[in-house]
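Peer 1:
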Amino acid sequence: MTNTSEAASAADDVEAPRFPTSRRTGCPFDPPPEFADLRAVDPMTRMTYPYGQIGWLVTGFEMARAVLSDVRFSSLPEGKLSPVKVPGTELDLDALPPGMFVNMDPPQHTRYRRLLNGHFTVRRVRLMETQIRTIVDGVLDGMERAGSPVDLVEEFAKPIPTMVTTELLGLPLDQREQFQHDVSVLFSLSSSGEEMIESMNRLGGTLAALVAAKRAAPTDDLLGSLVSDTDLTDPELLGITFVLLVAGLETTTNMLALGVFALFQHPEQLAALRADPTLMAPAVDELLRFLSVVQVGPVRVAAEDFEFEGRQVTKGDVVTVSLPAANRDPDRFPDADALDFDRRDSGHIAFGRGVHQCMGHHLARLELEVAYSALLERFPELRLATPAEGVPTREMMVTYGVQRLEVAW
């Protein structure tokens, strides 16, 4: 591999590539091949952002962990650039609710995380297992009533995270379809700016009204607890609720559907899972690594001038970390492009790393374990109802997945 300082210098002498988005035909689970080409040269290379600005792209596992763990790389919105051209630039980041802690650095970020972490410990999440199983069983009952074939995205992958998240937060379940729609609009790279503003405003209005209702009559749920037991303001509660709702819906929904598709396309791994259900926990971790559905970002901005891993980083430099590329780094994962449920201690970063690591990762794992297990048990003959090459994917979304997945049994 090229010496890092030499590679960084050489990168300045050539045209910096743009962020790749197109996956190889017939390889719906693999990141765009350009990531591997770049990583083979250097795990942190110069990149051209959509409007000509030059920043950095991280494709190596150890480099990604280092960036995401280094507080000199800021999560504040000032100076951030998307690695791909997106609509919605009309959104005023300064007008976002103050509780949106994903766009904060310590110590402000730390305050919110401390208030929330206790709700997402392993112990607290495990207390939700019975509730999650009841939700999953009800969704599978609905699939059976609908009859074969069905679209697994609409009948399985969407309702489970929506019901789990809305019950956790104490949101009105009868508005779940609107929540799903608005979150999808905000994560789509093809939504118009007007559509994004409309969805943002509608979500904001609904959640603000809910916060006001909890203030008037606190309830026994996460949001009700925050209202009763903290000094958070209504705008802070709105921002927190928005973050948790979006995080709870988007990634888990796509992991559920894309994970089932991956199982269909790896029959030997599916057979092993059916033969030994105790494999489910490591299988979920391996699917998280293998699929890494967050395909755009995370993005950080250098808060100061400093030397980082042999590179001179300048204040204001934008750095994009590719989680799919990092989780396919062969220097960290032997035979990295293989889906292998016998892989142990993978230590993937599908949930990020550092202070901004997804606080709901225990809950997401539990949802996936329960949902996959129940689905395979209820429908032992579950199979694709359409040719695999015809399954439409979500390349033009921040979070990768499938648009539809027709299954039969």
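Residue 4 is where the sequence shown starts when you use my numbering, and the numbers rise one by one after that.
Cβ atoms here follow ideal geometry from the backbone N, Cα and C, with glycine treated the same way.
With a cut-off of 8 Å, do at least 3 Cβ pairs link the region 194-212 to the region 233-249?
Peer 2: Under the three-pair Cβ rule at 8 Å, the region 194-212 counts as touching the region 233-249.
Peer 1: Count the C-beta pairs between the region 383-391 and the region 344-361 that are closer than 8 Å, then say yes if the count reaches three, no if not.
Peer 2: no
Peer 1: Per DSSP, what kind of secondary structure is glycine 58 in: helix, strand or coil?
Peer 2: Locating residue 58 in the sequence shown gives position 55, counting from the first residue. Glycine 58: strand per DSSP, three-state reduction.
Peer 1: Quick check: the Cα distance between threonine 92 and glycine 196, rounded to an integer number of angstroms?
Peer 2: Position 89 of the sequence shown, counted from the start, is the residue given in the question as residue 92. Position 193 of the sequence shown, counted from the start, is the residue given in the question as residue 196. Note that threonine 92 scores a pLDDT of 47, beneath 50, so its modelled location is shaky and nothing firm can be said.
Peer 1: Does the beta-carbon of alanine 11 have 16 or more other beta-carbons within 10 angstroms, so that it is buried, or is it exposed?
Peer 2: The residue you call residue 11 lines up with position 8 of the sequence shown. The pLDDT assigned to alanine 11 is 41, lower than 50, so where the model puts this residue is not dependable, and the model offers no usable value.
Peer 1: Tell me whether valine 394 sits in a helix, a strand or coil according to DSSP, three-state version.
Peer 2: By 1-based counting over the sequence shown, the position of residue 394 is 391. Note: valine 394 maps to coil in three-state DSSP.
Peer 1: Classify valine 87 as helix, strand or coil using the three-state DSSP reduction.
Peer 2: One-based indexing of the sequence shown puts residue 87 at position 84. The DSSP-derived three-state label of valine 87 is coil.
Peer 1: What span of residues does the alpha helix (DSSP H) with valine 44 cover, start to end?
Peer 2: The residue given as residue 44 occupies position 41 in the sequence shown. Segment 36-44, the alpha helix (DSSP H) holding valine 44.
Peer 1: Do you know offhand how far valine 263's Cα is from arginine 148's?
Peer 2: In the sequence shown, residue 263 corresponds to position 260, counting from 1. In the sequence shown, residue 148 corresponds to position 145, counting from 1. Taking the straight line from one Cα to the other gives about 20 Å.
Peer 1: Return the CA-CA distance between proline 49 and proline 175, expressed in angstroms with no decimal places.
Peer 2: Translated into positions along the sequence shown, residue 49 becomes position 46. Translated into positions along the sequence shown, residue 175 becomes position 172. First, the amino acid is wrong: residue 49 is arginine here, not proline. Taking C-alpha positions only, arginine 49 is separated from proline 175 by approximately 46 Å.
Peer 1: Looking at the structure shown, is valine 167 part of a helix, part of a strand, or coil, going by DSSP?
Peer 2: Position 164 of the sequence shown, counted from the first residue, corresponds to residue 167. Valine 167 falls in the helix class under three-state DSSP.
Peer 1: Once you ignore the five residues that flank proline 101 on each side, which residues in its own chain have a CB closer than 7 Å to its CB?
Peer 2: Within the sequence shown, numbered from 1, the residue matching residue 101 stands at position 98. Excluding residues within five positions, the ones whose Cβ falls inside 7 Å are Pro238, Glu239, Gly242.
Peer 1: Could you compute how far the alpha carbon of valine 87 sits from the alpha carbon of valine 299?
Peer 2: On the sequence shown, residue 87 is found 84 positions in, with the first residue counted as 1. On the sequence shown, residue 299 is found 296 positions in, with the first residue counted as 1. Taking the straight line from one Cα to the other gives about 8 Å.
Peer 1: Residue range of the alpha helix (DSSP H) that phenylalanine 182 falls in?
Peer 2: Against the sequence shown, residue 182 aligns to sequence position 179. DSSP places phenylalanine 182 inside the alpha helix (DSSP H), whose first and last residues are 179-190.
Peer 1: Take valine 70 and list the residues in its own chain whose beta-carbon comes closer than 7 Å to its own, dropping the five residues that flank it on each side.
Peer 2: For the purposes of this step, residue 70 is taken as the residue at position 67 of the sequence shown. Result list for valine 70: Val61, Phe76, Arg303, Val322, Val324, in chain order.
Peer 1: Is DSSP giving leucine 94 helix, strand or coil here?
Peer 2: Indexing the sequence shown from 1 puts residue 94 at position 91. Its pLDDT being 45, under 50, leucine 94 is placed unreliably in this model, and the value from its coordinates should be taken loosely. Three-state result, leucine 94: coil.
Peer 1: In this structure, how does DSSP classify valine 321 when only helix, strand and coil are distinguished?
Peer 2: The residue you call residue 321 lines up with position 318 of the sequence shown. Valine 321 falls in the strand class under three-state DSSP.
Peer 1: Leucine 189: buried (16+ other C-beta within 10 angstroms of its C-beta) or exposed?
Peer 2: Taking the first residue of the sequence shown as 1, we reach residue 189 at position 186. So leucine 189 ends up on the buried side.
Peer 1: Looking at chain C, is there any beta carbon in it that lies within less than 8 Å of the beta carbon of alanine 274?
Peer 2: No chain C appears in this structure, which consists of one protein chain only.
Peer 1: Just mark valine 44 as buried or exposed, buried being the case when its beta carbon has 16 or more other beta carbons within 10 Å.
Peer 2: Reading the sequence shown from its first residue, position 41 is the one you call residue 44. Burial call: exposed.
Peer 1: Skipping 5 residues on each side, what residues in its chain have a beta carbon closer than 7 Å to that of proline 221?
Peer 2: Within the sequence shown, numbered from 1, the residue matching residue 221 stands at position 218. The residues are Gly227, Val230, Ser231.
Peer 1: Give the C-beta separation of glycine 363 and glycine 251 to the nearest angstrom, bearing in mind that I take them to be a contact with Cβ-Cβ under 8 Å.
Peer 2: Start at 1 with the first residue of the sequence shown, and residue 363 comes out as number 360. Start at 1 with the first residue of the sequence shown, and residue 251 comes out as number 248. Correct: roughly 6 Å between the Cβ atoms.
Peer 1: What number of angstroms, rounded off, separates the C-alpha of leucine 225 from the C-alpha of alanine 260?
Peer 2: One-based indexing of the sequence shown puts residue 225 at position 222. One-based indexing of the sequence shown puts residue 260 at position 257. If you take the alpha carbons of leucine 225 and alanine 260, they lie about 27 Å apart.
Peer 1: Note the first and the last residue of the continuous beta strand (DSSP E) segment covering glutamate 443.
Peer 2: Shown here, the chain extends from 4 to 412; a query on residue 443 therefore has no answer.
Peer 1: Quick check: the region 282-299 against the region 365-379, are there 3 or more CB pairs under 8 Å?
Peer 2: yes
Peer 1: In the DSSP assignment, find the unbroken alpha helix (DSSP H) run with threonine 281 in it and report its ends.
Peer 2: Against the sequence shown, residue 281 aligns to sequence position 278. Careful: threonine 281 lies outside any alpha helix (DSSP H) and carries neither H nor E.
Peer 1: Around the C-beta of lysine 318, are 16 or more other C-beta atoms found within 10 angstroms, so that it is buried, or is it exposed?
Peer 2: Stepping through the sequence shown from its first residue, residue 318 is reached at position 315. Flag for lysine 318 reads exposed.
Peer 1: Can you tell me whether threonine 169 is buried or exposed? The criterion is at least 16 other CB atoms within 10 Å of its CB, across all chains shown.
Peer 2: Looking up residue 169 in the sequence shown gives position 166. That one is buried.
Peer 1: Could you please give me the residues that DSSP links to arginine 205 through a beta bridge?
Peer 2: Taking the first residue of the sequence shown as 1, we reach residue 205 at position 202. Arginine 205 pairs with nothing; no bridge assigned.
Peer 1: Mind reading off the beta-carbon distance from phenylalanine 123 to aspartate 332? Whole number of angstroms is fine, and I expect it under 8 Å.
Peer 2: Stepping through the sequence shown from its first residue, residue 123 is reached at position 120. Stepping through the sequence shown from its first residue, residue 332 is reached at position 329. Not confirmed; about 28 Å, so no contact.
Peer 1: Could you say which of Ala328, Asp288, Phe182, Phe344 lies nearest to alanine 367 if we only look at CA atoms?
Peer 2: Counting from 1 along the sequence shown, the entry for residue 367 is found at position 364. Comparing Cα positions, the closest option is Asp288.
Peer 1: What alpha helix (DSSP H) runs, 4 residues minimum, are completely inside the region 102-160?
Peer 2: 111-120, 125-129, 132-149
Peer 1: Taking the beta strand (DSSP E) that arginine 335 falls in, what are its first and last residues?
Peer 2: The residue labelled residue 335 in the question sits at position 332 within the sequence shown. Taken as a continuous stretch (DSSP letters only), arginine 335 belongs to no beta strand (DSSP E), as it is neither H nor E.
Peer 1: Can you say whether alanine 130 is buried or exposed, counting buried as having 16 or more other CB atoms within 10 angstroms of its CB?
Peer 2: Walking along the sequence shown from the start, residue 130 turns up at place 127. Per the sequence shown, the amino acid found at residue 130 is leucine instead of alanine. By the neighbour-count rule (16 or more Cβ atoms within 10 Å), leucine 130 is not buried but exposed.
Peer 1: Sort Leu273, Pro270, Phe22, Pro31 by Cα distance to glutamate 37 and report the nearest one.
Peer 2: In the sequence shown, counting from the first residue as 1, residue 37 sits at position 34. That would be Phe22, whose Cα lies nearest to the Cα of glutamate 37.
Peer 1: Just to confirm my understanding: we take valine 401, look at its own chain, exclude 5 residues before and 5 after, and list those with CB closer than 6 Å. What are they?
Peer 2: Stepping through the sequence shown from its first residue, residue 401 is reached at position 398. The answer, listed in chain order, is Phe190, Val299.
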